[in-house]
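Asker: The numbering of the sequence shown is the numbering used here, which starts it at -9 and goes up by one.
Ideal placement from N, C-alpha and C gives every residue a C-beta, glycine not left out.
Note that the structure is predicted; figures quoted are calculated from it, not measured.
Encoded as structure tokens, here's the structure I'll be asking about.
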Amino acid sequence: MLHMMGPEGSKLAIVRDQPTQEEMDHGRAFGTWNTKIFKDCMIRAGTSEIQCYTGYICPKMHSSGRFEGYYTDKNCIFPSEYLISCIDSFRMWLEKHRPNVIVTVGALATRILTGQPNFEDIRGYIVPSCISDKHIFKVLPTFPPMRIFAEQHHMFTVTMDLKKALASSMYPDFAIVNKTLIPNATPDQFIEYCDWIVESTEHNEVRDKRYPHAEEVLTGVALDIENTIGNGCHITQFGIGHSGDYSMTINLLNGKTPALSEEDELRVWQAISRLAKSNAKFIAHNGVHDLCVTWLNNHILFTIDFDTMLAGQLLYAELLKSLKFLCSICLDVKPWKHISGEETYNPEDVANTKKLKEVLEKRLIARNLMSIFRREISQIPVASMMQLQGVRLDSNKRDFLLRINSKRIMKLKGLLDKEAIKACGSTINYNSPIQVSKLLYVDLKLPIQTKRRKSVKDKQKTTTDQEALIVLCQKTNSIVPKLMIKHRKASKALSTYLDISTSPKNTVHTSYNIGSTTERFKQKGTADSKSLGRWSSSESIILPYGSGNLQSIPPYARSMYITFNPEEDEMACGDYVQAEAVVVAYLSNDEPLIKSIERGKALRDALRNETSKRIIKIIKKKLREVDMHRTKAMELFSVTNEEVTSDQRYLGKQTRHATNYISGPRVLQAFAAKGEIYKEISYWKNLMRIDEIRSPAKYKWHQAIVDELSANKRVLTNSFERHRKFLGEWNEDLFKAGCAFKPQSTIGDLLNTGMVDLYNKHGSEVRILMQLHDGMYISYPKKDRVKWLNRLRECMTIPIIINGREVIIDVEMKVGPNWGNLEDVNY
């Protein structure tokens, strides 16, 4: 095969590492089934393999199939003679044909043309080649076909990369860069720049043009902070910039040593304080973090007007949200994130954040997303406050729970040891998969469980994971799998939820991620990839105390979370009643269920205003009759309302939840196992068949979601006009995500709207403690219970439109001394 093929004079070349065997037999690049997905990306970008050069660095596939085989050492430093000859031949081809842009598809091609060993550092960026002494070519690395095939959301990324390459191929030279970066500003330089921004925003016009790239009116000021990790998060650098081509950074710490004199540092912080109080519109990437750090260090409060990370989440929900990635698909700038530690790193962050804002803002407007974006920006102050405030923890209660749980672990271990000694004559390490596997499958002779394979050609691997233990509980009478599940659960409770550190003020902290936005990409199927709009929570790197994710604390560990003033205050929770199920009922036009929901709301309204104990008892009985989980259990198990057991109600709830989102019987099986209910997979399949017969509206809605995705180019819209484009492979996983999106994101937006309203109106009088997807927690003086419950209900009661109907989701109030002991209240 030849190195390259294509029309003479083409300005774009696409180069892969090596062909597959099928391509070698076929005789041309991108001519086989496994490269079709890349060809689709080319077509979407506006080109094709017949319009540009295509080929390989090495025209013959290595016998190992891996590019490492072309090197003589394992570190891939010394190329083989064959690779050297291939590079020489390719260099001569390049110097003869001189395309304007070369897209390198894969790690080997990228390394040879750019000299960069880490493909991920420069993917999506146009960088200079190093292969020829005679000419410097523009090179843009992108993902290879098999990477796209494995993770199909990368189709969008590759399409954007190819669009950039195609646009750049229209001219031979690199884009002209006219940046002014001031990496080590003196205190006087930085203070003068801050005051110039303050003056320019105060008059709403730039009267003094001493700084380059200043427009008539400043359209925003980007800021970026570098800080140490851990308690305190001391600020090492502070960068600001009024333009995508001008930024300035001042160093505040050199390692652990102050970079400035005490007097100069005070002057700098006073200038930053004046800047924060000015009319400037501040732009940040992850504004919650920057706001928290500046407040924690010096009680300086910035108002973030534009957050590029939140904008990226709205526009590209399934992609990475890092500044590096978003710049790679939106801007034509040089890569810089791999030079962390160099003096231009922070000013590049600042300048590129400002430049990225201009692009993302236009795209938000074009896709009619600015209103939902402004709603998310309004959540930054309350999310920041909650992270800094934290929640108080009762250390005595924690120690008590630790003792109880430790005794439980020892008791379960004792029971397991007895069974192990019976089976094999000795105890084992229950954290060792090898020893557990031997005990279960060799000594106890239980049915061997294997991991599910991606292909029948893959080797079967024995497993003792949670799913395997659940199956063994269903298929055998052995007590060992059940004991192991309980032992693992108790061990996890100890290590993750109970044995946690607290701050000197006995508080724990979490980082609330607005719209589930984090800079890391999470695999498909997780809550964040489906439920855009809902907050997630993770460990706070600013105040690293507690378990991290407060939204996942199980009920048994909640009683140690208390108010800040337990003697005088109490905790309350405003919780949307069966929120997601209600939204699904209206989305699917399930009329019987809607009538039941509306009757339940009317009964709860009557209950709130009732004082007679006799009538309260009657109303509560009627509420049990319209409880949607009990009615689902009645359908599934053919029993009356009075005959429904607690286990049946639990299964009714989990069946409704699983089938709402097209989950299979294994998901329902796992839900049931949490309630220590173990049945064969056929049992759960049968429950789902019954549900399909008894709830046809829901299954018609599933198909309606698929039809809507198809008709609207994979875009769905929730009740708050939040749009979401689904990028993955057109299969059941995508349909599941689509069905989850509307109800989950609607409830997320509903709750967050109410929480922002409460914070803006009453934030100085009440503590907002936590947010848990469909409920929020507050504390207030006990004597003011009625006032605060009324205010909480008022803020959370927001009409929404679903399928043309106005819907108000009811709010249930609970109060108590701590999170774990909240009870319904009638007020």
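Measuring only the C-alpha atoms, how far is residue 688 from residue 531?
Answerer: Looking at the two C-alpha atoms, the distance is approximately 42 Å.
Asker: Where do the ends of the beta strand (DSSP E) carrying residue 104 lie?
Answerer: Counting along the chain, residue 104 falls outside any beta strand (DSSP E), though it belongs to the alpha helix (DSSP H) covering 97 to 104.
Asker: Along the chain, where does the alpha helix (DSSP H) containing residue 665 start, and where does it finish?
Answerer: Per DSSP, residue 665 belongs to no alpha helix (DSSP H) and is neither H nor E.
Asker: Leaving out five residues before and five after residue 450 in sequence, what residues of the same chain have Cβ atoms less than 6 Å from its Cβ?
Answerer: 440
Asker: Sorted by chain position, which residues of the same chain lie with C-beta nearer than 7 Å to residue 88's C-beta, five sequence neighbours on each side aside?
Answerer: 125
Asker: Is the beta carbon of residue 232 less than 7 Å from the beta carbon of residue 207?
Answerer: No, they are not a contact pair.
Asker: At the level of alpha carbons, what is the spacing between residue 42 and residue 652?
Answerer: 43 Å
Asker: Are there 16 or more other CB atoms within 10 angstroms of the CB of residue 505, so buried, or fewer, so exposed?
Answerer: buried
Asker: Please classify residue 301: does DSSP put it in a helix, a strand, or coil?
Answerer: helix
Asker: To the nearest whole angstrom, what separates the beta carbons of residue 6 and residue 134, a pair I think is in contact under 8 Å?
Answerer: 7 Å
Asker: Say whether the stretch 403 to 413 touches the stretch 554 to 568, bearing in mind that this needs 3 or more beta-carbon pairs closer than 8 Å, one atom from each stretch.
Answerer: no
Asker: For my contact list, residue 539 and residue 549 are in at a C-beta cut-off of 8 Å; report their separation, rounded to the angstrom.
Answerer: Not quite, the Cβ-Cβ distance comes to about 18 Å (not below 8 Å), so this is no contact.
Asker: Buried or exposed for residue 474, going by 16 or more other Cβ atoms inside 10 Å?
Answerer: Of the other Cβ atoms in all chains shown, 16 or more fall within 10 Å of the Cβ of residue 474; this residue is therefore buried.
Asker: When you compare only the Cα positions, how much space is there between residue 284 and residue -1?
Answerer: 55 Å
Asker: Scan the stretch 64 to 126 and note each continuous beta strand (DSSP E) run of 3 residues or more that stays entirely inside, going in chain order.
Answerer: Listed in chain order, the complete beta strand (DSSP E) runs (minimum 3 residues) inside the stretch 64 to 126 are 91 to 95.
Asker: Give me the Cα-Cα distance between residue 268 and residue 185, rounded to the nearest whole angstrom.
Answerer: 10 Å
Asker: Could you say if the stretch 171 to 182 and the stretch 146 to 155 meet the contact criterion of at least three C-beta pairs nearer than 8 Å?
Answerer: no
Asker: For residue 493, collect the residues of the same chain with a Cβ closer than 6 Å to its Cβ; drop the 5 residues on either side in sequence, then sort them by chain order.
Answerer: Shown here for residue 493: same chain residues with a beta carbon closer than 6 Å to its own, the five before and five after excluded, namely 535 in chain order.
Asker: With three or more beta-carbon pairs closer than 8 Å as the criterion, would you say the stretch 249 to 267 touches the stretch 352 to 359?
Answerer: no
Asker: Going along the chain, which residues of its own chain have a beta-carbon closer than 6 Å to the beta-carbon of residue 472, five neighbours each way excluded?
Answerer: 463
Asker: Nearest to residue 831 by CA position, among 337, 503, 425, is which residue?
Answerer: An answer regarding residue 831 cannot be provided, because it is not within the stretch -9 to 817 covered by the chain.
Asker: Residue 488 to residue 392, Cα distance in whole Å?
Answerer: 6 Å
Asker: Have a look at 131, 103, 119, 90 and flag the residue whose alpha-carbon is nearest the alpha-carbon of residue 110.
Answerer: 131
Asker: Between which residues of its own chain and residue 382 is the CB-CB distance below 7 Å, once the five residues before and five after are set aside?
Answerer: Counting only Cβ-Cβ distances below 7 Å, and skipping sequence neighbours, we find 496, 497, 552, 553, 554.
Asker: In the DSSP assignment, what are the bridge partners of residue 248?
Answerer: 243
Asker: Taking 8 Å as the limit between beta carbons, can you name the residues of its chain near residue 516, skipping five residues before and five after?
Answerer: The predicted model places residue 516 with a pLDDT of 34, which falls under 50 and marks its position as unreliable; any figure quoted below should be read in that light. For residue 516, where only same-chain residues beyond five positions count, there are no Cβ hits under 8 Å.
Asker: From the DSSP output, which residues share a beta bridge with residue 770?
Answerer: Beta-bridge pairing links residue 770 to 560.
Asker: Excluding the 5 residues flanking residue 699 on each side, which residues of the same chain have their C-beta closer than 7 Å to its C-beta?
Answerer: 706, 716, 728
Asker: Among 61, 36, 752, whose alpha-carbon lies nearest the alpha-carbon of residue 48?
Answerer: 61
Asker: Quick check on residue 800: does DSSP put it in helix, strand or coil?
Answerer: In the structure shown, residue 800 sits in coil (DSSP, three-state: anything other than H, G, I, E or B).
Asker: Ignoring anything shorter than 4 residues or poking outside the stretch 293 to 358, list the alpha helix (DSSP H) runs there in chain order.
Answerer: 298 to 305, 313 to 320, 335 to 356
Asker: Could you pull out every unbroken beta strand (DSSP E) segment of at least 3 residues lying fully inside the stretch 724 to 773, listed in chain order?
Answerer: 757 to 761, 765 to 771
Asker: Give me the Cα-Cα distance between residue 778 and residue 663, rounded to the nearest whole angstrom.
Answerer: 39 Å
Asker: Thinking just about the alpha-carbon of each residue, which of 761, 301, 311 is nearest to the one in residue 352?
Answerer: 301
Asker: When the Cα of residue 452 is compared with those of 431, 209, 802, which residue comes out closest?
Answerer: Cα-wise, what sits closest to residue 452 is 431.
Asker: How many Å lie between residue 642 and residue 396 at the Cα?
Answerer: 33 Å
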